[in-house]
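Below: one structure, written as structure tokens.
There are 2 protein chains.
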Amino acid sequence: MSPTTETLTAERILEATEEVLRRHGPAKATVVDVARALGVSHGSVYRHFRTKAALREAVTKRWLDRTSEALSGIAAEEGRDPEARLRGWFQGLFDAKRRKAGHDPELFATYSVLADENVEAVGEHIDDLTAQLTRIVEAGVAAGAFTSADPAATAGALFHATGRFHDPCYAREWERPDVQDEFDAVLDLLLRGLRP
Amino acid sequence: MSPTTETLTAERILEATEEVLRRHGPAKATVVDVARALGVSHGSVYRHFRTKAALREAVTKRWLDRTSEALSGIAAEEGRDPEARLRGWFQGLFDAKRRKAGHDPELFATYSVLADENVEAVGEHIDDLTAQLTRIVEAGVAAGAFTSADPAATAGALFHATGRFHDPCYAREWERPDVQDEFDAVLDLLLRGLRP
DNA sequence: CGAATGACAGATATTGAAATCTGTTATTCG
DNA sequence: CGAATAACAGATTTCAATATCTGTCATTCG
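Right, here's the structure in full:
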């Protein structure tokens, strides 16, 4: 098949949808726009995604998965000192969020809207991240560097306690000059709390 | 002066404004509504508050001050065990917020909108709360129950780390059955981190 | 035959005219 | 004279008519 008559796949639709969302924003991006961008009728889009909400959810999941993958590298650094590994993981999460929010605020706002629309998908993503954290905590406990009766619960507490540095509702604060100090202060306290 | 011709004071205007906000919500509450509720012309309201924004800011500050006062009682319990005092203070803050959000969600939403409009006033309120926390931390350090090189910074870190349990943007999560467990897990970790 | 289309009904969004509100000021009232 | 008002201009909001969009489906196309 030639590139000009490429078959319409879910993948291509998702890419076009991301582009339309980037261009028009979440409020004005329509299924008709997506179809137009692909040069097909909007009925064809509905063959691949049952509803507009399902399409947006799929886009949201793709985006969240990309974030998870970027972090899983740090989570997997088996040999590293547990404290450095944990701190590095949170710093990686914070840096990624802060970079995105600062570099392209409109796109970040777009994905924040999508996240609000898809609480369930976000919940799964958070479960994913917490699972990565749990592995780090477990490794720390095994190495004798951390104490925790319930690594999964501890991972949840760590994630909750650091919300200010990854939850989009705090994005505005990430511009402040002393956020990194705030981050360090919170992590110092949490890491002290983990030590045996 | 008889009750029917009471003089128009800033106080009476603020009370009427709260009532109008409660009735109509933040989007539809107008200065004209407030004047109507008081049986005066809206020009008279402008004699006491230069703009609608100033009026709303004053209402916001009153409300935030009431929250601060409610907590200052716990902060002042000088004799108590530092850990219990700190935990009690956060539990008091969390309970108050959760009760308000659960009991009258619309009013809570109204004040959340006002809080977003008046970031500066909220900042001062947070400084206020952090100052209360700082006193608790200092007392704990003095009693040898806490370690902290910089109690004000530690208080800030504690406040940031517990955002999930007092920041209105998490109000939805406070309905979940296991929030109290999450709260306990986070505070356990933080209190461990404070111990010498 | 399976993928794509275009026409359709009901729901949602846009638009522009009319109504209301904000903030000011000259005037009234006690 | 000081407090309240009513009339006003410009900004904002409301509302109803119009246009667009969502989701379906009978038909077309390859």
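Going line by line, the protein sequences match chains A and B. According to full-length UniProt numbering, the first sequence is numbered sequentially starting from 1. According to full-length UniProt numbering, the second sequence is numbered sequentially starting from 1. Even for Gly, the Cβ is constructed at its ideal location relative to N, Cα and C.
- [ ] Decide if B:G156 is buried, meaning its Cβ has at least 16 other Cβ atoms within 10 Å, or exposed.
- [x] buried
Open item on the list: I'd like the list of long-range same chain contacts for A:H42, defined as Cβ closer than 6 angstroms, with 5 residues on each side in sequence excluded.
Closed with: V31, V32, A35
TODO: Could you please tell me which residues of the segment 166 to 191 of chain B, in chain order, have their CB closer than 7 angstroms to any CB of chain A?
DONE: C169, E182, A185, V186, L189, L190
TODO: Would you tell me roughly how many angstroms separate the C-alpha atoms of A:M1 and A:E83, rounded to the nearest one?
DONE: For A:M1, the pLDDT reaches just 34, beneath the cut-off of 50, and the residue's location in the model is therefore unreliable, although a value from the coordinates is still provided. Answer to the nearest angstrom: the Cα atoms are 53 angstroms apart.
TODO: Inspect the beta-carbon positions of B:H125 and B:L71 and report whether they are closer than 8 angstroms.
DONE: no
Task: Residue-level contact to chain B via CB, A:T4, 8 angstroms cutoff - done: In this prediction, A:T4 scores a pLDDT of 47, lower than 50, which makes its location untrustworthy; no coordinate-derived value is stated.
Open item on the list: Taking CB distances under 8 angstroms as the criterion, tell me whether A:E101 reaches chain B.
Closed with: Just to set this straight, residue 101 of chain A is Ala in the shown sequence, not Glu. With 8 angstroms as the cut-off, A:A101 does not count as an interface residue toward chain B.
Open item on the list: Looking at B:L114: is its Cβ nearer than 8 angstroms to the Cβ of B:T60?
Closed with: yes
- [ ] Please confirm whether A:F159 and A:L190 have their CB atoms less than 8 angstroms apart.
- [x] no
TODO: Drop a sphere of 10 angstroms on the beta-carbon of B:A149, count the other beta-carbons inside from all chains shown, and report buried for 16 or more, exposed for fewer.
DONE: exposed
Task: Cβ shell of B:K97 (< 6 angstroms), same chain only, five flanking positions each side left out - done: H166
TODO: Hey, could you find the ends of the alpha helix (DSSP H) A:V45 is sitting in?
DONE: 42 to 48
Open item on the list: Quick check on A:P177: does DSSP put it in helix, strand or coil?
Closed with: coil
Task: C-alpha distance - B:E57 paired with B:E11, whole-angstrom precision - done: 14 angstroms
Open item on the list: Do B:A171 and B:F108 have their beta-carbon atoms positioned less than 8 angstroms apart in this structure?
Closed with: yes
Task: Helix, strand or coil at A:E77 [DSSP, three-state] - done: coil
TODO: State buried or exposed for B:E69, treating a residue as buried only when at least 16 other CB atoms are found within 10 Å of its CB.
DONE: exposed
Open item on the list: At the level of alpha carbons, what is the spacing between B:T4 and A:L187?
Closed with: Confidence in B:T4 is poor, its pLDDT being 46 and thus under 50, which makes the residue's placement too unreliable to answer from.
Open item on the list: Below 8 angstroms on the Cβ atoms is my contact criterion, and I expect residue 229 of chain B with B:I13 to pass it. Report the Cβ-Cβ distance as a whole number of Å.
Closed with: For residue 229 of chain B there is no data in the structure shown, the boundaries of chain B being 1 and 196.
TODO: Could you please tell me which residues of the segment 62 to 88 of chain B, in chain order, have their CB closer than 9 angstroms to any CB of chain A?
DONE: none
TODO: Tell me where the alpha helix (DSSP H) around B:G25 begins and ends.
DONE: 10 to 28
Open item on the list: Can you list, in chain order, the residues of its chain with a C-beta nearer than 6 angstroms to that of B:L38? Leave out the 5 residues immediately preceding and following it.
Closed with: A16
Task: Beta-carbon spacing of A:G144, A:P196 below 8 angstroms - done: yes
Open item on the list: Among the candidates A:E173, A:V119, A:V45, whose CA atom is the shortest distance from the CA of B:V119?
Closed with: A:E173
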